[in-house]
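Here's the structure we're looking at; comments come further down.
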Amino acid sequence: MGVLTLGTVSCEKYYEPTTSIDEESALTNAGDVETATIGTYAVLLNAAYVRSVHFLMEYPSDEIAQGQSSGDDLTRAYRYTHINTSSHATNFWGQAYKVIAAANKIIAYVPDESSITLRQLKGENLYLRAMMHFNLVRVFGRPYSQQSGGNPGVPLLLDGLSDDQINTITRSSVKDVYDSVIQDLIKAADLMSENKSNSFASKEVAQALLSRVYLYKGENDNAIKYADLVIKSGRYKLVQGGEFSGYFKTAPASNAETIFAIRHTKVQDRAFSAIGSMYFSADASGTAQGQGVSGWAEIYASKKYVDFLSKNPGDLRSNFVTPYTVNGVLQYNVKLSPSTPMYYVNKYSMQEGVINLSSPVYLRLAEMYLIRAEANAKLGKTAAALEDVNLIRQRAGLTGTQLYTVANLGTKTILDVVMEERWLELAFEGHRSYDLFRNNLPMERNYPGTHSLNNTPTTNITQKVLPTDPRIIFFIPQAEIDRNSKLTQNP
Amino acid sequence: MKKPKPNPIRRYPMSRSFGYPLAMMIGLSLAHSPQSIALPLAGRIKVEVVQADRTVTGTVKDEKGEPLVGVTITIKNNNAIGASTDLNGAFSLTIPENLISNATLVFSYIGYAPVEKEVGDQTVFDVALTSAINQLDQVVVVGYSAKKVKYLSSSISTISNEKLRDVTSNELPNLLQGKAPGVVVSSASGDPTSAGRILIRGAGTISAGTSPLIVVDGNIGGSYNPVDVESITVLKDVAATGLYGSRAANGVIIVNTKMGKAGKTLISFNNTMGFAQATTGNFRLMNSQQLYDFQSAFYPRDASVLKTNTNWWDEAFRTGFVNNHTISASGGSEKTTFYISANYYKEQGTQIENDKTGYNFRANLQSQLTNRLTAKVLFNGTFNKDNYANSNTLYDAYNNLPFDPAYEADGQPTDGRTYPGWLGRERENFLHSVQYNYAKAQSLNVTTDVDLDYELTDKITLSSYNRINFGNGLSASYNDKRTKQGGANSGELYNGTSYSNRLLTSNRIRYSEDFGKHGLTLLGVAEAETTYSSSTSAAGKGLPPGRDVMSVATDILTNPTGLNEQVGFRKFLGQADYNYDNKYFLVGSFVNEFSSLFGKNNSTANFYQLGASWILSNEEFLKNNKTLTFAKLRASNGTVGNADGLSNFASLGLYTISADASYSGLPGAAPSQKGNPDLTWEKIKSSNIGFDVSFFNRIDLVVDAYVKEASELLYRKPLAATTGYSYVWVNAGSIRNKGIEFSLTSTNIKGKDFNWETNLNMAFNRNKVLELSDGSTVFNSGARQPIAVGHNMDEYNMPIWAGVNPENGDPQWERIVKDANGNVTKELTSTYNQAQTADSRQFTGKTAAPKFTGGLSNTVTYKNFTLSAFFNFVYGNWVYNESRVYFDNDGFYEAYNQMVPAKDWNRWEKPGDVATHPKAIVGGNKDSNQSSSRYLEDGSYIRLRNVRVGYSLPDNVLGRSGFSRVSVFVSGDNLWTATKFSGPDPEVTLSQVDLSSGLSSLRYPISKKYLIGINFSF
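Chains as they are written, first to last, in my numbering: chain A, 1 to 491; chain R, 10001 to 11018.
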């Protein structure tokens, strides 16, 4: 009995998990910093981040049409019928702050003066923190151009805050968030010196995002400055011809134009839960099929966008839209009246030959030219602006009179031309609604889609969303307000 | 109770019994020491020959005429003199001369009513014993010992094998439902591969588990098949459960499997066969015409859709067959007994492609190795094959449109993806998928127990109970490339394997002695347990059609996974059990327990338990009272813990290093869990008072009242996203459950041929959150069932539905407006966001917890016929009928089928209409289907769980056929239900799962079963 009792006492033992490590040992040396940084990037892969943020940023635009009503919260983003318990807004908020909190641990751990490798990794985490804050402030805060950033933004979660401070954190102004983002990106660009692949942050990635942030902020000179730095770095080139037509089927590492993409490897195919599943349905060879074959295929390129794109036959960008046809006849989703043409979007499909695999592109070189063009246009530098616009149009295969001169602008302003080009080039990549609203332009959706269900009668297929509309931004997730009463709600 | 207990074998205490005047002993019905029933193992009994004065002989048989082996024969009030029956039921006993006058022989056998015979001048006694029908004389296992019910200080319920197995199922919870007061069973599904959940005396935890601890054959955990169960004992109060320390907070269910009896080998075949159909309650889906008419107001369709009228529900459900066959053999010699059984169970789900097949083998051996050493070896092996329901069948059964055809003209299932003009939203026909796809699992679970009892001295017994438990599982799920599920990846295959072993040793020392009228038993236990588990999974894609093995996959689908983990427990306990003159009983115990689950600062905890009882009917003033034939008062108080439901490393701050933390093919580590090194056991302080009374030996009433207060509740606290974590495990706050329960058993008629017995049991439980940590008033606010101080933890808090605006048919909710001065006004709003705010959400006063639950059974026997009917009922609970989002949503989904509105529902059509349902608008009417009190429904029900008619062939028919018993029965499960609930089945999970209870989602309703059985023995 005594032996048994002693034997029993020796069973008082603790065990370690095998798929996790103790946080005390997670950040103890330089090697850990790299592993933990990889872990920070990995959060971006969660559907709750990459998929939800896509819905929130892209679906309010006029380049897509939802062809049938859906119970998924993505419908609310599309129809501007938000609720404060939106699942996608809650997902995105949660994951974005998870990235920031993970980055903060590394930012706090690595001193500014350290090895090249560690400085690079610290820079990458600063970049990720800035990227998240910038996405958050765009989704939940009003455009900078309104009240000069004086509206409520989002909580600025910086390193070094105590638990109490974090638990009662308040929303900083849009301006304060922008300023912090800029500060992080400048420091990140300064710290990073390794030319990592476009799946990771590097100096040019930080500069490219800086260029975009400055453009949104209205600091056109700075926008041009950083766009120039990226363009002139020589690390990227505009891909041409067939390579351009197959842009999104190429793995990011093989794409010379991509500056930063959220890399999904072949084992990270999300199938019916992929972004591409909402846009596209095909057989294994990529030939478009009816709904439900490889995807839901209920969000289409809008008739408005396709009509505009079709004005220039031969525009290579029409390759990114696959009309679903049967015996050469365009199909319609007949769930609504009037019915919606089924123009499949393929920018999120067929990477490395896998139907629903994609590595969403966050920054690419074409955008840098277009940022420079827009900033120049706003600064009255017409020729410089047109030069960049034409560069993008030429790459798209347009020639001759399809290119702009000051003389053939007609009634369009130079800014109109830049905005149209951004629309054509960057469609479905989450830019359009920000481009309109930050420039104080309305969103007009006079084409078939479920947004008309807001109207009476529902066959009235018009919608005009003004940049002053409260619903151009999302509600702060009610669950977060419930946990931190210091957070104020958007009207 | 016919099985020997892990008790020491007591010698007959010769020395002290001799001196007592006989008169003092009158009134003791049994000579055995009451607090631990001695087991009359034949070989141990010595025939004491004091003076060779008269030898009496005879045989003892049971009511069927089978000889009983090992029956103890003693002289009343003098248990020093005794004998026991041999293999033929024969005995011989010599009575000393000085005892012959007035001597009475007592024939006693566990599980049978004792019989007394005055010796007089007789020398031959042929006696028949009948099964003990009196509950009070049943011996039950509580904690680490066995006692007669009447001597317990605890609140327990015992269910015999026959009572347990009226309903046909292979899952214990389904068998227990309604059979013991305070034991609430709820099944969330009619799927034979899923078991119901058991909740004893209400939930007292937030995030920890609510399942009771299962103790099989004396050790925690273990595997068993319900057919081999001798009896189930449910321990409810702390004096009984406390010995299981850290894991007893939710009550304990003691399962004892059958042991053999010495004597002729008995071979039995038990066969049950029948069929099952899904219950549909008040629920009906629309047919084509109904849906067409409903939608015509807001989504008119071409009349051509009416050409098709598919009843998808009927396509998804079927008549399932149920088979249960058992063969068992039991018997043995005086020293060694055995029970061996093999069982085959097959139940087809009422949903297509869903079934469960179980094979079980059990061998229980017991042997008296030496005079002092007894060994038991128990073996149980279970092999299960589960075919899971296809993932989309149920969803489509509810939601597919009747306008879409299930079959092509040639009889083949249609493929929704390619069928021209398919109208349903999901574009899928499960009938097409189930041709090729499957999800299945098989598991092998083997348990071996080796139990040793060694009698060190007459008073001290050492025991070592040891168990090894191996579990092995394989799972496979295949999506053929021809189907919608597998099409995108040209075929998908998922394989998983799991392995676990659990080692447990429980070592006990027991000291037992009587000092005159004082009886004392001391018990010490040292117990250790460790569980190791590992699992791996792989997923491939690109498989040729119909080829479902990983080797043919041409590519990887997701990263492989695998892990192995270990947890450990260690426990010491001591218990003292005292009684005085079989009238007063005291029990006290102390438990110290360690678990690796908890934080290093707090991984060990202490618990204590006290119990007392008083048998009034053994007092002079009640003795021989003809009306009140038994009366006992009981009280107990103590503490237990809860560690169930906690993840293995809940206290640690963790970075995950799984593939989820990898990026671009590189391994990574990401913060995944916030640490709490102070995390400790949830502690439950519990008090119980109760009484047991019998009137006329025919009416038994057991009443208990209890208070359970749980503190340091385990709570998986959701964190604000800005913390970077989703949750942290904390100990937070306290919750109280209090309640009253009773069980009333009445033998209404007891005659030669005709008997009628009724049992009614009911339980009333009230739950209240007393306090939360850090002065918080609410946890998990915003949830449908937040944890709020002063409220039932199952109470709903949500936007309050305020009906339909008669002017325009819009939905309305209550909105609470606070002005600058803090004045609160209530107004109506048709904007959901204004109702879904912290201010506007309100407690509804409606909870998912029933006001009371219970069961009513009636058993009538006439000659060889038995008729029994058993009802269970649940009253006063509210169910959130979540799936109405899909099929009662005011036009939100035009491409889903809708339910036929319940009787008292009506829809707004024109200004002035006072309606329950808003105007239907395609795409939805202003978020009318969002979470609100609109979908809360009364979940009360009463259900005829079982009705059965049985018939046993009389002995004269059996004659010399060789059969000792042949019986047949017909039986029906769940044949009738009364409820107001609008869904198919009001029975929902009443214990919280993921912080939610009382939720009815797309239900796989439970089955009605029609069965026949044939049992025979020889």
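Ideal Cβ positions, reconstructed from N, Cα and C, are used throughout, including at glycine.
R:Gly10638 and A:Thr75 have their alpha carbons spaced roughly 55 angstroms apart. The straight-line gap separating the alpha-carbon atoms of R:Glu10230 and R:Gly10260 is approximately 11 angstroms. With a contact defined as Cβ atoms closer than 8 angstroms, A:Phe475 and A:Gln489 qualify at about 6 angstroms. In the DSSP assignment, R:Met10762 falls outside any alpha helix (DSSP H) and lies within the beta strand (DSSP E) extending over 10754-10771. Between R:Phe10764 and R:Glu10795 the beta-carbon gap is near 17 angstroms, outside 8 angstroms, which marks them as no contact. In this structure, A:Lys122 is the residue among A:Phe248, A:Leu229, A:Leu161, A:Lys122 with its C-alpha nearest to the C-alpha of A:Ala201. Proximity of R:Leu10563 to chain A, defined by a Cβ-Cβ separation below 7 angstroms, is satisfied. Contact of R:Thr10825 with chain A is not assigned, every C-beta pair being separated by 7 angstroms or more. Taking a contact to require three or more Cβ pairs closer than 8 angstroms, the segment 406-426 of chain A and the segment 386-396 of chain A qualify as touching.
In the DSSP secondary-structure assignment, R:Met10550 is not bridged to any residue. Annotation for R:Asn10098: no beta strand (DSSP E) segment contains it, though the alpha helix (DSSP H) segment containing it runs 10097-10100. In the three-state DSSP reduction, R:Phe10403 falls in the coil class, being neither helix nor strand. Collapsing the DSSP output to three states places R:Met10793 in coil.
For R:Gln10842, there is no enclosing alpha helix (DSSP H); the residue is part of the beta strand (DSSP E) that begins and ends at 10842-10847.
Taking 8 angstroms as the upper bound for CB-CB distance, R:Leu10291 and R:Arg10247 are not in contact here, some 51 angstroms apart. In this structure, R:Gly10263 lies away from R:Leu10093, with their beta-carbon atoms at least 7 angstroms apart. Secondary-structure assignment with DSSP links R:Gly10473 through a beta bridge to R:Ser10443, R:Ser10498. Bridge pairing for R:Phe10649: absent [DSSP]. Distances from the alpha-carbon of R:Leu10610 to those of R:Ile10509, R:Ile10327, R:Thr10055, R:Gly10242 put R:Gly10242 closest.
Listed in chain order, the positions of the segment 10710-10729 of chain R with a beta carbon within less than 9 angstroms of a beta carbon of chain A are Pro10718, Leu10719, Ala10720, Ala10721, Thr10722, Thr10723, Gly10724, Tyr10725, Ser10726.
Setting aside the 5 residues that flank it on each side, R:His10432 is surrounded in the same chain by Pro10413, Thr10414, Asp10415, Gly10416, Thr10483, Lys10484, each with a C-beta closer than 8 angstroms to its C-beta; the list follows chain order.
Secondary structure at A:Met419: helix, using DSSP grouped into helix, strand and coil. Burial is judged here by how many other beta carbons sit within 10 angstroms of a residue's own beta carbon; R:His10518 has fewer than 16 and is exposed. Along the segment 32-60 of chain A, the positions whose C-beta sits under 9 angstroms from a C-beta of chain R are Asp32, Glu34, Thr35, Ala36, Thr37, Ile38, Gly39, Thr40, Tyr41, Ala42, Val43, Leu44, Leu45, Asn46, read in chain order. Straight-line measurement puts the Cα of R:Val10988 at about 10 angstroms from the Cα of R:Tyr10880.
Residue pairing from DSSP places A:Met443 in a beta bridge opposite A:Val465.
For R:Phe10892, the chain A residues whose Cβ falls inside 8 angstroms of its Cβ are Ser69, Gly71, in order along the chain. For the pair R:Ser10840 and A:Ser86, the Cα-to-Cα distance works out to about 17 angstroms. Residue range 10555-10580 is occupied by the beta strand (DSSP E) that includes R:Tyr10578.
A direct Cα-to-Cα measurement between R:Ala10249 and R:Phe10590 gives close to 15 angstroms.
Taking C-beta atoms under 8 angstroms as the contact rule, R:Val10949 and R:Ile11014 fail to qualify, at a distance of about 13 angstroms.
Here R:Thr10558 is buried, its C-beta having at least 16 other C-beta atoms within 10 Å.
Exclusion of the five residues before and after A:Phe248 leaves Lys347 as the residues of its chain whose Cβ lies within less than 6 angstroms of its Cβ. Within 8 angstroms of the CB of R:Glu10426, the CB atoms of chain A belong to Gly292, in sequence order along the chain. A:Leu336 sits buried, since 16 or more C-beta atoms from the chains shown fall within 10 Å of its C-beta. Looking at the backbone, the Cα of R:Val10450 and that of R:Ala10363 are separated by about 12 angstroms.
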